[in-house]
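Going by UniProt numbering, the first residue of the sequence shown is number 1, and it counts up by one from there. Note that CB positions come from ideal geometry on N, CA and C, so glycine has one too. What follows is a set of notes on a single structure, which appears directly below.
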Amino acid sequence: MKFGQSKKRTTKALLKQNVTSKYKQHQDCDILLLDDPFSAVDANVAKNMYEKLFGPKGLLAKKTVVFVTHTIAFTKNATAIHVMESGRIVDRGTYEELLERSTVFSQIKRERDEAEKAEDQKEANTCKPHKRPKTVMFEPQQPPESRLVEPVAEGGIKGNVYLTYLRAFSYTWAFVFVALLVSRYCMQAASSIFLSSWAEANSKVTDSSETTDGLLIYIALGFATVILNVITFVSSTFGGVRASLALHRPLVESLMHAPLSFFEDTPVGRILSRLAGDIDIIDIPLPINIRLVLDSLAHMSMILVIISLSMPAYIVFVIPFTIGYVMILGYFLPTNRQIKRIESAQRSQLLAVLAQNIEGAESIRAYRRVKSTTLSFYDDVDSFVRCRYLAPATGRWLSLRLELLGSIMVFGCSALVSVFHELSLITAGEVGLCVSYALSLTDLMNFSVRMMALSEANIVAVERIKEYHDIEREGSWTSDYPLIDAWPYEGSIEFRNFSIRYKGNEKFAVKNATFSIKGGEKVAVVGRTGSGKTSIAKGLLRLVEKAGGDVFIDGVNISELGLHELRSRITIIPQVHINDPVLFSSTLRFNVDPFNQFTDSDIWLALEACQLKQLVSRQKDGLMTEIEEGGKNISIGERQLLCLCRSVLEGGDILILDEATASLDHTTQALVNEVVREHFRHATTIVIAHKLETIGECDRILVLEDGEVVEYDTPENLLSRNDSIYREMVETKKTF
Numbered sequence: 001m002k003f004g005q006s007k008k009r010t011t012k013a014l015l016k017q018n019v020t021s022k023y024k025q026h027q028d029c030d031i032l033l034l035d036d037p038f039s040a041v042d043a044n045v046a047k048n049m050y051e052k053l054f055g056p057k058g059l060l061a062k063k064t065v066v067f068v069t070h071t072i073a074f075t076k077n078a079t080a081i082h083v084m085e086s087g088r089i090v091d092r093g094t095y096e097e098l099l100e101r102s103t104v105f106s107q108i109k110r111e112r113d114e115a116e117k118a119e120d121q122k123e124a125n126t127c128k129p130h131k132r133p134k135t136v137m138f139e140p141q142q143p144p145e146s147r148l149v150e151p152v153a154e155g156g157i158k159g160n161v162y163l164t165y166l167r168a169f170s171y172t173w174a175f176v177f178v179a180l181l182v183s184r185y186c187m188q189a190a191s192s193i194f195l196s197s198w199a200e201a202n203s204k205v206t207d208s209s210e211t212t213d214g215l216l217i218y219i220a221l222g223f224a225t226v227i228l229n230v231i232t233f234v235s236s237t238f239g240g241v242r243a244s245l246a247l248h249r250p251l252v253e254s255l256m257h258a259p260l261s262f263f264e265d266t267p268v269g270r271i272l273s274r275l276a277g278d279i280d281i282i283d284i285p286l287p288i289n290i291r292l293v294l295d296s297l298a299h300m301s302m303i304l305v306i307i308s309l310s311m312p313a314y315i316v317f318v319i320p321f322t323i324g325y326v327m328i329l330g331y332f333l334p335t336n337r338q339i340k341r342i343e344s345a346q347r348s349q350l351l352a353v354l355a356q357n358i359e360g361a362e363s364i365r366a367y368r369r370v371k372s373t374t375l376s377f378y379d380d381v382d383s384f385v386r387c388r389y390l391a392p393a394t395g396r397w398l399s400l401r402l403e404l405l406g407s408i409m410v411f412g413c414s415a416l417v418s419v420f421h422e423l424s425l426i427t428a429g430e431v432g433l434c435v436s437y438a439l440s441l442t443d444l445m446n447f448s449v450r451m452m453a454l455s456e457a458n459i460v461a462v463e464r465i466k467e468y469h470d471i472e473r474e475g476s477w478t479s480d481y482p483l484i485d486a487w488p489y490e491g492s493i494e495f496r497n498f499s500i501r502y503k504g505n506e507k508f509a510v511k512n513a514t515f516s517i518k519g520g521e522k523v524a525v526v527g528r529t530g531s532g533k534t535s536i537a538k539g540l541l542r543l544v545e546k547a548g549g550d551v552f553i554d555g556v557n558i559s560e561l562g563l564h565e566l567r568s569r570i571t572i573i574p575q576v577h578i579n580d581p582v583l584f585s586s587t588l589r590f591n592v593d594p595f596n597q598f599t600d601s602d603i604w605l606a607l608e609a610c611q612l613k614q615l616v617s618r619q620k621d622g623l624m625t626e627i628e629e630g631g632k633n634i635s636i637g638e639r640q641l642l643c644l645c646r647s648v649l650e651g652g653d654i655l656i657l658d659e660a661t662a663s664l665d666h667t668t669q670a671l672v673n674e675v676v677r678e679h680f681r682h683a684t685t686i687v688i689a690h691k692l693e694t695i696g697e698c699d700r701i702l703v704l705e706d707g708e709v710v711e712y713d714t715p716e717n718l719l720s721r722n723d724s725i726y727r728e729m730v731e732t733k734k735t736f
């Protein structure tokens with residue numbers, strides 16, 4: 001994967017290419033560090049990759065390689081082997097030298113041999129491997145650039161976007177706000193008109209009591225205006241907060257119910273941009289912009305009413321200037337709107353790149369890509385800043401034209417009222433009032449146009465949020481199906497012509513799979529890398545919806561159940577790769593019991609079963625020990641054991657082990673198998689694995705190839721067949 005690109009492919013796709021693509025990018029390096037690179041591929045693929053890289057004519061044959069692995073077979077051709085235990089090198093030597101001595105190395109090998117012994121005993125002595133087509137190394141393909149760039153909407157803002165914000169603001173609050181706004185400016189207009197008439201009448205009055213009465217009335221009108229102004233501001237603030245909450249909650253809900261394919265296709269930066277940047281705009285700038293637009297429009301209406309009462313001809317004078325303002329606004333809005341859209345998309349891309357660079361900081365440093373990654377990030381920052389700079393630059397363009405038009409308007413108004421005064425059509429007080437309000441009117445019109453432009457630019461945030469409101473969702477979490485509490489009571493599973501196809505891919509990941517698993521039976525799902533093993537588990541959990549066929553658990557069609565009803569009754573221990581298993585940034589207790597369903601004694605028993613009791617007891621805070629984000633303060637093996645502890649607590653009649661021990665050492669792998677054997681002895685177990693030594697106790701073997709079921713039988717029967725794919729996989733493992 002190119003540094004700086006958004007991570008949009010699955011973990012398995014990345015692991016297929018982790019050796020070949022990294023070497024092609026860094027083939028001039030004389031020293032390479034490979035950290036267990038074959039842990040996530042089957043034995044056949046691992047053998048081919050190993051030979052192509054480390055064989056006599058391999059790509060790395062003349063390179064210095066530090067190879068970290070749990071698999072003894074990969075060490076046979078090593079120049080030197082360093083054996084580590086508890087963070088220390090306890091022995092070193094060649095493969096033969098270490099086997100001759102009683103060391104940790106020979107103990108590890110014995111444990112591996114013992115783990116394979118049960119399976120090897122089932123193999124017939126006459127087994128002879130047959131020839132199959134040679135496995136082709138995975139060639140990485142970059143995803144289309146169009147998928148890495150966020151689509152940008154074009155054209156005007158649709159009416160339903162404004163309606164969405166209005167509904168979120170609340171029709172009631174909107175009505176209250178507008179009513180208060182109109183009342184405030186009616187009161188302010190009354191105050192201005194009273195002041196003008198009072199000043200005109202006061203010049204002819206000598207009685208001071210009348211002057212005092214007029215002053216009190218004016219003070220009362222002014223005080224009422226201030227009170228209404230405060231209440232109007234408070235109502236708009238409450239409406240804005242309500243709108244933000246009403247838009248944020250469905251956004252989070254949509255993301256929580258989005259299908260797995262959405263997160264595989266959408267960079268995390270794009271999601272963060274909406275949750276942070278767009279919500280921030282809806283929180284503060286947008287309600288303020290809308291309030292100021294309505295406020296200035298109401299103020300202008302008040303001014304026009306006051307002036308028209310004194311000089312009706314002024315309305316005719318204002319109309320052409322109003323048309324001019326509308327034309328300038330209409331010319332400016334499309335550009336300003338699109339700049340805001342592009343800016344938002346660039347912000348999403350910048351956040352996506354930043355998130356990936358932080359996540360891949362170790363790889364960036366290890367492969368000496370700091371400078372190129374930094375320069376690439378600078379380019380992304382420049383692209384974002386260019387969009388940010390365009391907004392104020394176009395704002396200056398708008399200001400220049402608005403101020404010019406406003407100056408012409410004030411000059412025309414001054415000339416017009418002068419003529420009316422000379423003709424004795426208006427008084428001197430009315431002249432002052434008209435000129436004063438004309439100056440205010442031009443400022444308000446300029447301000448209104450700017451606020452309208454900003455409001456439409458910021459309403460793009462609502463458009464982007466609404467886009468995620470409407471994303472495709474998974475099925476309902478609950479259903480009306482009359483499901484009994486004891487379901488599944490047996491744990492029998494039946495696939496009938498079941499097919500899965502991933503979004504954007506015409507090829508079926510699983511095609512017409514038909515097989516059944518008896519209650520309490522342990523079935524291993526094997527196959528070469530990319531054969532569809534994990535897709536079977538995803539289909540059973542409905543992480544990916546079926547493209548055809550059905551799945552039944554104890555006679556119940558799972559498509560008729562709610563997702564929560566289904567998933568809460570199936571226990572899964574997922575794949576262990578670089579970032580797995582998943583732990584949360586919280587206490588250890590929360591990680592093993594996130595819903596607080598069990599007592600401390602139950603948790604300690606589960607920890608003891610997973611051989612974690614001693615580790616947790618050594619911690620100062622015990623169960624309340626803080627786990628860092630992603631479990632970075634504990635090893636991968638300990639993370640997996642904590643996830644196993646969580647599964648032991650939850651129990652269940654159906655258990656899925658999806659390559660759960662792929663990156664674990666043999667000791668931890670044996671521990672996981674022992675815990676599963678002890679605590680899930682009566683559960684229907686599906687073991688998805690490419691390490692065949694982990695499936696020795698399975699009752700039946702399901703072999704997949706290109707998404708199709710090609711073999712399904714007991715291990716003994718499959719090993720007795722000369723044309724068995726499973727038999728070939730066993731032979732490949734033995735010879736490697």
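>> So for Tyr367, helix, strand or coil by DSSP?
In response: Reduced to three states, the DSSP call for Tyr367 is coil.
> When the Cα atoms are used, what is the spatial distance from Val234 to Ala457?
Replying inline: For Val234 and Ala457, the gap between their C-alpha atoms comes out near 24 angstroms.
> Over what stretch of residues does the alpha helix (DSSP H) that includes His679 continue unbroken?
Replying inline: Element bounds for His679: His666 to His679.
>> When you compare the CB positions of Ser191 and Leu221, do they come within less than 7 angstroms of one another, or not?
In response: Contact flag set, yes.
> Along the chain, where does the beta strand (DSSP E) that runs through Glu494 open and close?
Replying inline: Note, Glu494: beta strand (DSSP E), Ile493 to Arg501.
>> Can you give me the C-alpha to C-alpha distance between Tyr325 and Met445, rounded to a whole angstrom?
In response: As the crow flies, the alpha-carbon of Tyr325 is around 8 angstroms from that of Met445.
>> Can you tell me which residues form a DSSP beta bridge with Lys522?
In response: DSSP lists Thr685 as partners of Lys522.
> Among all the DSSP beta bridges, which residues are the ones paired with Asn557?
Replying inline: According to DSSP, Asn557 bridges with Phe552.
> Rounded to whole angstroms, how far is the Cβ of Glu474 from the Cβ of Leu563, which I believe are closer than 8 angstroms?
Replying inline: Going by Cβ atoms, the distance from Glu474 to Leu563 rounds to 6 angstroms, so yes, they are a contact pair.
> Which residues in the same chain have their Cβ closer than 6 angstroms to the Cβ of His469, if we skip the five residues on either side of it in sequence?
Replying inline: Excluding positions up to five away in sequence, the list reads Pro250 and Ser254.
> CB Ser455 to CB Asn289, shorter than 7 angstroms?
Replying inline: Yes, they are a contact pair.
> Is it a yes or a no for the segment 530-538 touching the segment 546-556, going by three-plus beta-carbon pairs under 8 angstroms?
Replying inline: Touching, no.
> Starting from Thr534 and walking both ways along the alpha helix (DSSP H), at which residues does that stretch end?
Replying inline: Element bounds for Thr534: Lys533 to Leu541.
>> Please list the terminal residues of the continuous alpha helix (DSSP H) segment that includes residue 750.
In response: In this structure the chain extends from 1 to 736, so residue 750 is not present and cannot be described.
>> Give me the DSSP bridge partner(s) of Ala513.
In response: Beta-bridge pairing links Ala513 to Phe498.
> At a cut of 8 angstroms, does the segment 645-663 reach the segment 684-696 through at least three beta carbon pairs?
Replying inline: With the cut-off at 8 angstroms, the segment 645-663 and the segment 684-696 touch.
> Just how far apart, CA to CA, sit Glu629 and Ile573?
Replying inline: Roughly 19 angstroms between the two C-alpha positions.
> Where does Glu343 land, buried or exposed, given buried means 16+ other C-beta within 10 angstroms?
Replying inline: Its Cβ being crowded by 16 or more others within 10 Å, Glu343 is buried.
> Got a sec? Which residues, its chain only, sit under 6 angstroms from Lys131 by beta carbon, not counting five neighbours each side?
Replying inline: Residue placement at Lys131 is flagged as unreliable, the pLDDT there being 41, under the threshold of 50; the coordinate-derived value follows with that caveat. Excluding sequence neighbours, Lys131 sits near nothing in its chain.
> When DSSP labels each residue in this structure, what does Ser724 get in the three-state scheme?
Replying inline: Reduced to three states, the DSSP call for Ser724 is coil.
> Of the choices Val460, Leu195, Thr79 and Ser585, whose alpha-carbon is the least far from that of Gly156?
Replying inline: Nearest to Gly156 by alpha-carbon distance, out of Val460, Leu195, Thr79 and Ser585, is Val460.
> Below 7 angstroms between beta carbons: does that hold for Leu297 and Thr232?
Replying inline: No, they are not a contact pair.
>> Only counting the same chain, and skipping five residues up and downstream in sequence, which positions put a Cβ closer than 7 angstroms to that of Arg464?
In response: Hits under 7 angstroms: Arg274, Asp278 and Ser344.
>> If distances are taken between C-alpha atoms only, which option among Leu350, Gln188, Asn505 and Ile217 comes closest to Trp198?
In response: That would be Ile217, whose Cα lies nearest to the Cα of Trp198.
> How should Ala276 be labelled, buried or exposed, when 16 other C-beta atoms within 10 angstroms of its C-beta is the threshold for buried?
Replying inline: Exposed: under 16 other Cβ atoms inside 10 Å.
> Considering only residues of the same chain and omitting the five flanking positions on each side of Leu350, which have a CB-CB separation below 6 angstroms?
Replying inline: Counting only residues of its own chain and dropping the five nearest sequence neighbours on each side, Leu350 has a CB closer than 6 angstroms to the CB of Asp380 and Phe384.
> What is the residue span of the alpha helix (DSSP H) that Gly652 lies within?
Replying inline: Here Gly652 belongs to no alpha helix (DSSP H), and DSSP marks it neither H nor E.
>> Considering only the alpha carbon of each residue, which of Val161, Ser236, Tyr162 and Ile219 lies closest to Phe177?
In response: Comparing Cα-Cα distances from Phe177 to each of Val161, Ser236, Tyr162 and Ile219, the minimum goes to Ser236.
>> Rounded to the nearest angstrom, what separates Gly4 and Gln356 at their Cα positions?
In response: Summary for Gly4: the model assigns pLDDT 37, below 50, so the residue's position carries little reliability; its value from the coordinates is reported in the next sentence. Approximately 7 angstroms, taken between the alpha carbons.
> Where do the N-terminal and C-terminal ends of the beta strand (DSSP E) with Thr571 fall, by residue?
Replying inline: Segment Thr571 to Ile573, the beta strand (DSSP E) holding Thr571.
> Taking one C-beta from the segment 706-713 and one from the segment 90-98 each time, how about it: are there three or more such pairs within less than 8 angstroms?
Replying inline: Touching, no.
> Would the beta-carbon of Pro482 fall within 7 angstroms of that of Asp554?
Replying inline: No, Cβ-Cβ distance for Pro482 and Asp554 is not below 7 angstroms.
>> I need the DSSP call for Glu403, collapsed to helix, strand or coil.
In response: Of the three classes helix, strand and coil, the one that applies to Glu403 here is helix, per DSSP.
> According to DSSP, which residues form a beta bridge with Tyr712?
Replying inline: Its beta-bridge partners are Leu702.
> Exposed or buried, which one is Val45 when buried takes at least 16 other CB atoms within 10 Å?
Replying inline: Looking at its Cβ environment, which holds 16 or more other Cβ atoms inside 10 Å, Val45 is buried.
> Is it right to say Arg270 is buried, meaning 16 or more other beta carbons lie within 10 angstroms of its own, or is it exposed?
Replying inline: Buried, by the Cβ-count rule.
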